[in-house]
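The structure appears right after this line, and notes come after that.
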Amino acid sequence: MTMRTMRNFSSIAWRLPLIALLSVVVVGCSGSDDKEVIEGERVPVLVYDTGIKADPSVKERAVRLPETYTNEAWPQAGGYPDHAMHHLAVNAELEIAWKSDFGGGTRTRSDLLNKMLLSDRRRLMTPPIVADGTVFIMDSNSVVSAFEEIEGDRQWRIDLKSEEDEEDGGIFGGGLAYSENRVFVTTGFGDVFALSADSGEVIWKSSIRKPLRGAPTVGGKQVYAVSFDNQLYTMSAETGDIRWVHEGFLENAGLLGAGSPAVSGGLVVVPFSSGELYALRTDNGRVAWSDTLMRTGLMTPMAALSDIDARPIVDGNTVYSVSNGGRMAAIELRSGDRIWERNIAAHESPWLAGDFLFLVTDANEVVCLSKIDGKIYWVTKLPRYGNEEERTEALRWSGPVLVSDRLIVTSSHGYAASVSPYTGKFLGRVKLDGAVVIPPVVSNNSLFYVTENAKLIAMR
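For the record, in the sequence shown the residue sitting at position 202 is 766 according to this note's numbering, with numbers rising by one throughout.
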């Protein structure tokens, strides 16, 4: 079997379960035109009552947050390797400082199966990173660009696709991380790169030969990357040599994104599309503990996908994680014992600040809960449709990000909205240049947004 044949087989293999799932959806929606029309209101199957409500026992307690601080970098997906960013500072009044096109954005097709099967399939899923005065971003064609942080001047760009990658077409996945003047890149084509942060020159390349799901995490001079078939690859940040591999349970179907592993205290906490969460020793990959975040009895189509798409957070000796399968939990880092759990489904990553967690659920709710015991302080419902009256143009909300007493959430209809972290009250919104399904990143009192049409927007 040639190298190209192996690559094509791998590319096809991971898609087959998803094709089967989509086929079921299409068949379920087809039929003859002469069937009896049943009167009544049509309710989308993906909308359901989550039952998430504020806990009456904390009604009189106030949400208190730590003081803001200015972070001088956002070097990895989720900020730092532990993904705990707390309360970041930005200016009270934000204006657009600069914006730039950086390449290929999301390409869509009207036919859902064609979108998955044909070569013209690209989705922009990679958040930018910021380090040493530079913003790094990768487009949907695996082209990485570097922009000067203050003025937005492009410093360099590099196309990481090979000729074989061009023939295979595009697939989803990949991301960026920064450490010690190197930019580490994972791609949906199954490659891991180390680039010079100054010039974009390739320092080393490691070929996994299978699609990589999300952004890498770098910690302790090691690079961690998760493949579509739920394997964690651990590589030397210096040379790219593989040090150890952990194999998770293969899940036939999952969401398109992926949660980057969290690294803290000699352990790497990695989420898989199977709903499994593993804590592994960073030196040899031995399992410290594992858990499964799935809620039984949650009868919704999306809950059947048990994916942990959200990044886990490590704060002190506690891991916080949430799955699309309907379970959120706080877990003791060393022992793996559950501290508390809640029936919450989310694919967006939570945000931790002080003693509180904030997250956007799969039902478009912003929730504030205590990190100590999981009690819910408030719940705010976000709009579900671009046209609420006709219930069309279903919206996707992303975030949140906590900056200067504001929770920022972004939407697929092109708005960035602010919600009070103390009460859940809606504070306002601003229109951006396109759909925004990736939460902004923060550095040096600035917000950096990425739109689906591949515009990078700096606000300060």
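We treat Cβ as the ideally placed atom computed from N, Cα and C, and that holds for glycine.
The structure presented is a predicted model; accordingly, all values stated were derived computationally and were not measured.
Starting from the C-beta of residue i, find all residues in its chain whose C-beta is less than 6 Å away, skip the five residues before and the five after it, and write them out in chain order.
i: GLY938; result: TRP904 and ARG906
i: GLY849; result: TRP808 and HIS810
i: GLY737; result: GLY752, PRO775, LEU776 and ARG777
i: TRP915; result: PHE922, PRO964 and LEU966
i: ASP879; result: ALA648 and LEU916
i: ALA826; result: ASP646, HIS647, VAL833, PRO876 and VAL878
i: GLY823; result: PRO835, ILE872, ASP873, ALA874 and ARG875
Using alpha carbons as the reference points, say which of the options lies closest to residue i.
i: THR698; options: THR1015, GLU1016, ALA1018 and VAL1005; result: VAL1005
i: HIS650; options: PRO964, SER760 and ALA999; result: PRO964
i: GLN640; options: LEU857, TRP768 and ASP696; result: ASP696
i: ASP926; options: ASN794, TYR941, ARG898 and ASP871; result: ASP871
i: MET799; options: LYS769, SER837, GLU636 and MET702; result: LYS769
i: LEU740; options: ASP703, GLU728 and LYS725; result: ASP703
i: ALA999; options: THR1015, LEU1011 and TYR986; result: THR1015
i: ALA958; options: ASN928, PRO620 and GLU631; result: ASN928
i: THR506; options: VAL708, THR987 and ILE895; result: Residue 506 is absent from the structure shown; the chain starts at 565 and stops at 1024.
i: GLY830; options: GLY667, ARG898, LEU658 and VAL930; result: ARG898
i: SER887; options: ALA910, ASP879 and ILE895; result: ALA910
i: ARG875; options: GLU954, PRO691, ASP717 and ALA656; result: PRO691
i: GLY754; options: ALA980, ASP793 and VAL924; result: ASP793
i: ALA980; options: GLU659, SER621 and ALA618; result: GLU659
i: TYR644; options: SER962, LEU724 and ALA779; result: ALA779
i: GLY642; options: VAL627, VAL694, SER968 and SER837; result: VAL694
i: SER621; options: ILE940, THR856 and ARG902; result: ILE940
Taking the DSSP output, what are the residues bridged to residue i?
i: SER837; result: SER837 is not bridged to any residue.
i: VAL699; result: VAL694 and PHE711
i: GLU905; result: ALA893
i: SER975; result: TRP961
i: HIS911; result: Note: HIS911 sits in no beta bridge, so no partner.
i: TYR949; result: ALA958
i: PRO1014; result: For clarity, residue 1014 is Val in the given sequence; the question names Pro instead. Answer by DSSP bridge pairing, in chain order: LEU1020.
i: LEU1074; result: Beyond the ends of the chain as shown, which are 565 and 1024, falls residue 1074; an answer cannot be given.
i: LEU844; result: VAL832 and VAL851
i: GLY739; result: THR750
i: LEU688; result: In DSSP, LEU688 forms no bridge with anything.
i: LEU652; result: TYR633 and VAL967
Apart from the five residues on each side of it in sequence, which residues of its chain come closer than 8 Å, Cβ to Cβ, to residue i?
i: SER763; result: TRP720
i: ALA801; result: SER743, GLU744, ARG746, PHE748, ALA758, VAL782, LYS785, GLN786 and VAL787
i: SER1010; result: VAL654, ALA661, GLU713, ALA1022, MET1023 and ARG1024
i: HIS977; result: GLY950, GLU957, LEU959 and ALA999
i: GLU636; result: SER1007 and ASN1008
i: SER664; result: PHE711, GLY716, ARG718, LYS1019 and LEU1020
i: ILE908; result: THR614, ILE616, VAL886, GLY890, ARG891, MET892, LEU923, THR925 and VAL931
Along the beta strand (DSSP E) that carries residue i, what are the first and last residues, could you check?
i: GLU929; result: 929-934
i: ASP723; result: 718-723
i: VAL790; result: 786-790
i: ARG993; result: 990-995
i: PHE922; result: 920-924
i: LYS663; result: 660-665
i: HIS810; result: 806-811
i: LEU796; result: 795-800
i: GLY643; result: It is not in any beta strand (DSSP E) - GLY643 carries neither H nor E in the DSSP assignment.
i: THR781; result: 781-783
i: ILE877; result: 877-879
i: TYR884; result: 882-886
i: ALA1007; result: According to the sequence provided, residue 1007 is Ser. The question's Ala does not apply to it. Looking at the DSSP string, the run of the beta strand (DSSP E) that includes SER1007 is 1005-1007.
Residues in its own chain within less than 7 Å of residue i by CB, not counting five upstream and five downstream?
i: LEU991; result: ARG970, SER982, VAL983 and SER984
i: ALA917; result: LEU629, PRO630, HIS650, HIS651 and LEU966
i: VAL851; result: TYR842 and LEU844
Answer with buried or exposed for residue i, where buried requires no fewer than 16 other C-beta atoms within 10 angstroms of its C-beta.
i: TYR1013; result: buried
i: ILE936; result: exposed
i: GLU912; result: buried
i: GLY766; result: This sequence places Val at residue 766; Gly is not what is there. The residue is exposed, with fewer than 16 neighbouring Cβ atoms inside 10 Å.
i: ASN951; result: exposed
i: GLY615; result: exposed
i: ASP873; result: buried
i: VAL973; result: buried
i: ARG920; result: The question names Arg, yet the displayed sequence has Phe at residue 920. Looking at its Cβ environment, which holds 16 or more other Cβ atoms inside 10 Å, PHE920 is buried.
i: ALA789; result: buried
i: THR803; result: exposed
i: THR634; result: exposed
i: PRO1003; result: buried
i: GLU840; result: buried
i: ARG891; result: buried
i: LEU610; result: Low confidence applies to LEU610: its pLDDT is 44, below 50, so where it sits in the model is not reliable enough to give any reading.
i: ASN881; result: exposed
i: ASP675; result: Because the pLDDT at ASP675 is just 38, under 50, the model does not fix this residue reliably, and the value given afterwards should be weighed accordingly. That one is exposed.
i: PHE700; result: buried
i: ALA656; result: exposed
i: ASP901; result: exposed
Within the present structure, is the beta-carbon of residue i separated from the nearest heavy atom of the ligand GDP by less than 6 Å?
i: SER968; result: Inclusion of the ligand GDP in the displayed structure is not the case, the ligand content being empty and no account of it being possible.
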